[in-house]
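Trainee: Residue numbers (the working numbering), protein chains in the order written: chain A, 9 to 351; chain B, 199 to 547. C-beta: ideal position from N, C-alpha, C; glycine also. Computed from a predicted model, the values in this text were never measured in an experiment. My structure is below; once you've seen it, I'll send some questions.
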Amino acid sequence: MSEPSTPRPREHPPALRRALTALDRYRGLLALLAVFLLGVVFSPRHLTTGQSLFLTGENQANVLFEYAEYGILAAGMTLVILTAGIDLSVGSVLGLSATAFSFLMIAKGWPAWLAILACCLLGAACGTVNGALVSALRIQPFVATLAMMVAARGLAKLVSGGIKVQPGAQPWYAFQSAPPHFFGWMTSPVIGDWLKPITLLFLLVIILMAVLVRFTRFGRHLYAIGGNEEAARLSGIQVGRSKTSAYLLCGLLAGLAGICNACRMELGDPEAGFTYELDAIAAVVIGGTSLMGGRGGMMLTLIGTLIIGYINKILSLNGVEEAFRLLAKGAIIVAAVLIQRRR
Amino acid sequence: MNAKRLTALLTLSLAILCLGCPSQPKPTTGPAERRAAKQAERAGQPARTFTIGMSQCNLGEPWRVQMNKDVEEAARKHPELQISFKDAQNKTEVQQAQVREFVAQGVDLLIISPKEALPLTKPVAEAYDKGIPVIVLDRKVQGDKFTCFIGGDNVMIGREAGKFLVKKLGPSTSLGAVSVSNRGKGSIVELKGLMTSTPGQERHDGFMEGIKGSDLKIIFDADCHWLEPDAQKEMNSALSRFDRIDAVYAHNDPSAHGAYLAAKQEGKGREKRIVFIGIDALPHEGIKYVEQGILAATFQYPTGGADAIDIALKILNGEEVPKNIILGTRLFTKDTLPAGQYIAPGEQS
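This is how it looks when you write it as structure tokens:
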């Protein structure tokens, strides 16, 4: 009798195999759970009541509030990455939008809704330029959005006149001492004690984008283009238009994130959003969406954003020095990606 | 990814986190001390430790490292105070989050040196409204929702810097018994600190007051954000644009030093002909530069760290404290070393 020449793979019993498959499917969620548990274990306590600082509703709301901008950027970035592209300009577009929004409201005294509309359109315009460069002019996404990253930063400095746009920065500003009421409204709780408009906006964006990606034809086209662009083109998908739309939405969301930033800082900083694009990409990657395109989703990005947010929060609550913080984050990015890798 | 690898990686992350955590300051009350405190309480004498949260905006600046050191040294003399330090690494959102964390932690008092006035006003106000006394150091917040502000008088320092340059660059005074008014003449490069922070604005305004009526002109000015590499860059462009620079007024010593290096590296020997003055006068920095002849003068900007602890103790003991405490300055030149010439706030030299 001849023995097989290749060694047989280790066979798990069926129940364990099912469990491991389930574990594999929900690995993103499990990673988030693991981080959360780390937070509970390492949580400092309130000095008088002794209550865990990590395990409070306020803390979770704070994490969502503080990472709202990164999350909104990551949502837009997911759309682009699904098509196997990348958008390096989101940080600069955030800065441009924050500056423009502050300028329109603080300096020119525009009403909030008009300024929001204008800044979203501005972000969408930057995104459209990106999309056009990528699809019509066939420039590599990395290069095209790199150019936009630099140009948008320049535009932001142009709009602000090189300074930070805050009340009283110039004598002709409409607001001289305090910013318009809208700024404070966005960062004050509206539901209960901790839910602020910026937090709710973040959640709304994630839900809308999740629906867009999962349940619309546009979303399915993005996956198809990312999976195999030629096959998508041959099967009749308008690849150029879909890609441009993805970049447009990414830019629009960057504009929205800029508005949140301006409200949080109560001023418009042309340097705002510097290196935010890296955090957005990290959130998408840690969540499990593939940089090669064609695989991933919006909920995964939410998980990725929360993982980054909670890790930062744990390190911050425990007063960890900056040096260790950066080392830990680097290690965790690699670990998360390895965990996400398919067998 | 099988379960084994997953576990290994999670353990790795845990290990790295554990490595990082020891930077949390150890509580000064160990079990033995707590027992002693309980004993003292029972003996009818109250004994309590107070936790103070200190939010620093940027330990990348040597002056702020000194501020934290001053706070720590002053607190060491009072074992009932435990200070928890957080550094925002020059990021406003991080400092906002750290203030929120101190409030959530329930600190007894908050000391903060804000990066910028406007974004930190609301978090500080929230802490104040929750009953946590707040001491603001060096840079102000807007409004009055804080317990005490301790800072130097940057307008006065700027003014003194201006007057120093007027004297230094002017024609010599007095013909016999008649004193000729010294109008000072020259081209000045002003290397400014972060202009969205109050010290930058005030050092500039004071300087303009100080040189008013003289023939000194500012031919070039730039916002160097208190950072030496930025100042060096800006000085390089000033040197290439202007043939004649008589003096450099930098808002802090690192910037002045950066300007000096730029002039030296230019290779034309201009660093010997330009008068460099700065502000801060840290012992291992500005004062050293004056000793070495790099700076003609530097003005001490006191960190206020020790004063903060004194005021903190008063507040925690329930005493009234003034809303604003303005500290004086010392002028350090080759002649006034090593102790410097004291100029009280509000005084005209």
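1. Quick one: Cα of A:I294 to Cα of B:F347, how far?
2. What is the rounded straight-line gap between the Cα of B:S438 and the Cα of A:G304?
3. Where do the N-terminal and C-terminal ends of the alpha helix (DSSP H) with A:F226 fall, by residue?
4. Please report whether the beta-carbon of A:S298 lies at a distance below 8 Å from any beta-carbon of chain B.
5. Please report how far the alpha carbon of B:V488 lies from the alpha carbon of B:T496, in whole angstroms.
6. Determine, for B:M199, whether the minimum Cβ-Cβ distance to residues of chain A falls below 8 Å.
7. Kindly say whether A:M113, judged by its beta-carbon, lies nearer than 8 Å to any beta-carbon of chain B.
8. Leaving aside the five residues before and after B:N256 along the sequence, list all residues of the same chain whose C-beta is less than 8 Å from its C-beta, in chain order.
9. Of the residues B:I523, B:L459 and B:H449, which one's Cα is nearest the Cα of B:G356?
10. B:M433 and B:A461 look like a contact to me (Cβ under 8 Å); what is the Cβ gap, rounded to whole Å?
11. Going by the CB atoms, is the gap between A:G36 and A:L308 shorter than 8 Å?
12. Would you call the stretch 470-484 of chain B and the stretch 503-511 of chain B in contact, with 3 or more CB pairs under 8 Å?
13. Quick one: measure Cβ to Cβ for B:T394 and A:K172, integer angstroms, because I've assumed they're closer than 8 Å.
14. Taking a cut of 8 Å between CB atoms, which residues from the stretch 291-316 of chain B lie near chain A?
15. Below 6 Å CB to CB, which residues in the same chain sit around A:E274 once its five sequence neighbours on both sides are set aside?
16. List the endpoints of the continuous alpha helix (DSSP H) containing B:D403.
17. Do you know how far the Cα of B:T345 is from the Cα of B:K521?
18. For A:V137, which of A:G259, A:R33 and A:K337 has the nearest alpha-carbon?
19. Hey, is A:P205's beta-carbon within less than 8 Å of any beta-carbon in chain B?
20. Measure the Cβ-Cβ separation of A:I206 and A:R272 and say whether it is below 8 Å.
21. List the residues that DSSP assigns as beta-bridge partners of B:G527.
22. Looking at C-alpha atoms only, which residue of B:A542, B:H276, B:A420 and B:I250 is the closest neighbour of B:K390?
23. Starting from the beta carbon of B:Q399, find every residue of chain A whose beta carbon is closer than 9 Å, and list them in chain order.
24. Could you pull the DSSP bridge partners for B:L578 from this structure?
25. Looking only at its own chain, which residues have a Cβ that is under 6 Å from the Cβ of B:C219, when we skip the five neighbours before and after it?
26. How many angstroms separate the CA atom of B:I310 from the CA atom of A:R222?
27. Using a Cβ-Cβ cut-off of less than 9 Å, list which residues of the stretch 266-280 of chain A approach chain B; keep chain order.
28. What number of angstroms, rounded off, separates the C-alpha of A:Q184 from the C-alpha of A:D277?
29. List the residues of chain B whose Cβ lies closer than 9 Å to the Cβ of A:L314, in chain order.
30. Name the residue from A:T56, A:Y34 and A:W202 whose alpha carbon lies nearest to the alpha carbon of A:N67.
31. Kindly indicate which three-state DSSP category A:K337 falls into: helix, strand or coil?
32. Are the beta-carbon atoms belonging to A:D95 and A:Y231 less than 8 Å from one another?
33. Compare the C-beta of A:Q1 against all C-beta atoms of chain B and say whether one is closer than 8 Å.
34. For A:A27, I'd like the list of residues in its chain whose CB is within less than 8 Å of its CB, leaving aside the five on either flank, ordered along the chain.
35. B:S253 versus chain A: which residues are under 9 Å apart at the beta carbon?
36. Residues of chain A with a CB under 7 Å from the CB of B:D285: which are they?
Mentor: Taking the coordinates as given:
1. Translated into the one-based positions of the first sequence, residue 294 of chain A becomes position 286. Translated into the one-based positions of the second sequence, residue 347 of chain B becomes position 149. Using only the alpha carbons, I get a separation of about 44 Å.
2. Position 240 of the second sequence holds residue 438 of chain B. Position 296 of the first sequence holds residue 304 of chain A. Cα-Cα distance, rounded: 53 Å.
3. Here residue 226 of chain A refers to the residue found at position 218 when the first sequence is read from its first residue. Looking at the DSSP string, the run of the alpha helix (DSSP H) that includes A:F226 is R225 to G235.
4. If you number the first sequence from 1, residue 298 of chain A lands on position 290. Not an interface residue.
5. Position 290 of the second sequence, counting from 1, holds the residue named residue 488 of chain B. Position 298 of the second sequence, counting from 1, holds the residue named residue 496 of chain B. Whole-angstrom Cα-Cα distance: 7 Å.
6. Sequence index remark: in the second sequence, residue 199 of chain B carries index 1 (1-based). Unreliable positioning characterises B:M199 in this predicted model, as indicated by a pLDDT of 42, which lies under 50. The coordinate reading is nonetheless provided below. For B:M199, the answer is yes, since a Cβ of chain A falls inside 8 Å of its Cβ.
7. In the first sequence, residue 113 of chain A corresponds to position 105, counting from 1. Chain B contact via Cβ: absent.
8. The residue you call residue 256 of chain B lines up with position 58 of the second sequence. Cβ neighbours of B:N256 beyond the five flanking positions: R262, D285, A286, Q287, N288 and K313.
9. Working through the second sequence from its first residue, we reach residue 356 of chain B at position 158. The shortest Cα separation from B:G356 among B:I523, B:L459 and B:H449 belongs to B:H449.
10. Against the second sequence, residue 433 of chain B aligns to sequence position 235. Against the second sequence, residue 461 of chain B aligns to sequence position 263. 7 Å between Cβ atoms; contact.
11. Locating residue 308 of chain A in the first sequence gives position 300, counting from the first residue. Locating residue 36 of chain A in the first sequence gives position 28, counting from the first residue. Cβ atoms of A:L308 and A:G36: closer than 8 Å.
12. no
13. Locating residue 394 of chain B in the second sequence gives position 196, where the first residue counts as 1. Locating residue 172 of chain A in the first sequence gives position 164, where the first residue counts as 1. Confirmed, about 5 Å.
14. E291, V292, Q294, A295, Q296, R298, E299, A302, Q303, G304, V305, D306, E314 and L316
15. The count along the first sequence starts at 1 and reaches residue 274 of chain A at position 266. So the qualifying residues of the chain are P187 and F191.
16. Translated into positions along the second sequence, residue 403 of chain B becomes position 205. Its alpha helix (DSSP H) spans residues T396 to G408.
17. Here residue 521 of chain B corresponds to residue number 323 of the second sequence, with the count starting at 1. Here residue 345 of chain B corresponds to residue number 147 of the second sequence, with the count starting at 1. Each residue's Cα considered, the two are about 6 Å apart.
18. Here residue 137 of chain A corresponds to residue number 129 of the first sequence, with the count starting at 1. Cα-wise, what sits closest to A:V137 is A:G259.
19. Here residue 205 of chain A is taken as the residue at index 197 of the first sequence, counted from 1. False, the Cβ-Cβ gap to chain B never drops below 8 Å.
20. Position 198 of the first sequence, counting from 1, holds the residue named residue 206 of chain A. Position 264 of the first sequence, counting from 1, holds the residue named residue 272 of chain A. In contact: A:I206 and A:R272 (Cβ atoms closer than 8 Å).
21. Taking the second sequence and counting its residues from 1, one reaches residue 527 of chain B at position 329. Sequence check: residue 527 of chain B is Thr here, not Gly. BP columns for B:T527 point to B:I541.
22. Here the question's residue 390 of chain B lines up with position 192 in the second sequence. Looking at the Cα atoms, B:A420 is the closest of the given residues.
23. Within the second sequence, the letter at position 201 stands for residue 399 of chain B. Ordered by position in chain A, no residue passes the 9 Å Cβ test against B:Q399, which lies about 11 Å from the chain.
24. Within the shown structure, residues of chain B are numbered from 199 to 547, placing residue 578 of chain B beyond reach of any answer.
25. As a working note, residue 219 of chain B is residue 21 in the second sequence. At B:C219, the pLDDT of 39 sits below 50, so the modelled position is not reliable and the matter cannot be decided from this model.
26. Along the second sequence, read from residue 1 onward, the residue named residue 310 of chain B stands at position 112. Along the first sequence, read from residue 1 onward, the residue named residue 222 of chain A stands at position 214. For B:I310 and A:R222, the distance between alpha carbons rounds to 47 Å.
27. N269, R272, M273, E274, L275 and D277
28. Position 176 of the first sequence, counted from the first residue, corresponds to residue 184 of chain A. Position 269 of the first sequence, counted from the first residue, corresponds to residue 277 of chain A. Those two C-alpha atoms are separated by around 17 Å.
29. Within the first sequence, the letter at position 306 stands for residue 314 of chain A. The premise fails here: A:L314 is roughly 16 Å from chain B at the closest Cβ pair, so nothing lies under 9 Å.
30. In the first sequence, counting from the first residue as 1, residue 67 of chain A sits at position 59. Checked all of A:T56, A:Y34 and A:W202; the closest Cα to A:N67 is A:W202.
31. For this step, residue 337 of chain A is matched to residue 329 along the first sequence. Note: A:K337 maps to helix in three-state DSSP.
32. Residue 95 of chain A sits at position 87 when you count from the first residue of the first sequence. Residue 231 of chain A sits at position 223 when you count from the first residue of the first sequence. Taking 8 Å as the Cβ cut-off, A:D95 and A:Y231 do not qualify as a contacting pair.
33. There is simply no residue 1 of chain A to check, as chain A begins at 9 and stops at 351 in what is shown.
34. By one-based count along the first sequence, residue 27 of chain A stands at place 19. None.
35. In the second sequence, the residue the question calls residue 253 of chain B occupies position 55. Ordered by position in chain A, no residue passes the 9 Å Cβ test against B:S253, which lies about 11 Å from the chain.
36. Residue mapping note: residue 285 of chain B aligns to position 87 of the second sequence, counting from 1. Going along chain A in sequence order, the residues near B:D285 (Cβ under 7 Å) are E330.
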